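Okay, so here's the structure we're looking at.
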Amino acid sequence: MVWPDQSNHHGTLFGGAALSMLDRLAFVQGSRALRGTVVTAAVGRLDFMAPVPAGHAVEGQARLLRRGVRSAVVAGRLVAEDLLSGRRTLCLAGEFTMVRRASAAVEGLPAAQTATARADASTGPGAEPARASESPRACRAAGRRPRPLATARVAEIVFPGHANHRGILHGGPAMAWMAKAGFVAATRQTRRSVVMACSERMDFVAPARVGEVVEVLAEVVATGRRSVRVAARMEAECPVTGERRRCTTAELVYVVVRD
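Take the sequence shown: its letter number 85 is residue 85 in our numbering, and every next letter is one higher.
Written out as structure tokens, the structure is:
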């Protein structure tokens with residue numbers, strides 16, 4: 001999501017914030033390709049194609065162009081989505097060269113390949129394209145086949161500011177990321193303004209550590225007249241080893257705001 005504090009005086013996403021989103025996305029993709037701690041070595045051509053108004057969601061897409069022994073070139077794009085209409089617009093594209101530290105080498109890397117990673121750009125790299133605009137109940141009543149329920153995916157990097165004194169992700173940021181993914185999924189499902197009504201259950205089963213990438217998947221599991229139930233789960237991935245673990249699950253309920 002694009003928040004007001006990321007916007008300029010025109011009410012659109014600030015260029016520096018957009019660049020930061022792509023850089024974090026390149027970090028995630030570069031870490032997965034090189035399996036180590038990476039840094040940004042260079043930024044290629046950047047093309048700003050369209051503004052992103054505050055309140056829109058931004059999806060990051062990354063593609064691995066080339067990979068060497070210690071470096072990788074990643075092509076990144078930001079696509080804005082109006083969650084109320086579903087309209088999507090390509091906003092920014094660029095190339096990033098990521099370099100792995102010499103001490104972080106990992107044996108047995110596969111051959112260079114093309115890959116895609118998605119990212120929600122409220123702070124960094126995730127949301128899947130909109131897939132649903134009306135409830136399954138309404139479709140069945142009209143004799144139509146229900147569309148798939150909406151989903152959203154959010155990926156974030158765990159920075160020291162997100163962690164507690166033990167270097168483990170604090171519960172607050174984890175809950176915020178899951179709520180954000182749930183909000184996007186619920187809005188895509190209804191195509192109306194929604195707010196969170198309650199969190200019925202939340203289970204923390206494993207930690208996420210500083211430097212790891214966390215990925216939240218939010219899926220709409222049920223809909224009512226004005227409410228949407230979303231199941232969210234968060235997994236952590238170690239950039240060096242590729243190990244993934246499930247950290248948190250939650251059940252969230254959102255309701256449509258009356259116009």
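Idealized CB from N, CA, C, for every residue including glycine.
The structure displayed is predicted, hence computed values, not measured ones.
Residue pairing by DSSP puts PHE96 in a beta bridge opposite VAL43, VAL74.
Taking 8 angstroms as the cut-off, the beta carbon of LEU149 is found no closer than this to the beta carbon of VAL213. Fewer than three beta-carbon pairs drawn from the stretch 195–214 and the stretch 91–98 are found closer than 8 angstroms, and the two stretches are therefore not classed as touching. Proximity to LEU64 across VAL257, ILE157, VAL28, PRO51 peaks at VAL28, based on C-alpha coordinates. For ALA62 and PHE159, the gap between their C-alpha atoms comes out near 21 angstroms.
Each of MET1, THR249, GLY171 was checked against the Cα of ALA231, and the nearest Cα belongs to THR249. In the three-state scheme derived from DSSP, where H, G and I count as helix and E and B as strand, SER20 is classed as helix. In this structure, the beta-carbon distance from GLY11 to ALA54 falls below 8 angstroms. Under DSSP, THR249 shares a beta bridge with ASP203, ARG233.
In the DSSP assignment, GLY172 falls within the alpha helix (DSSP H) that extends over 171–190. Ranked by Cα distance from THR223, the options MET196, VAL240, VAL216, THR190 are led by THR190.
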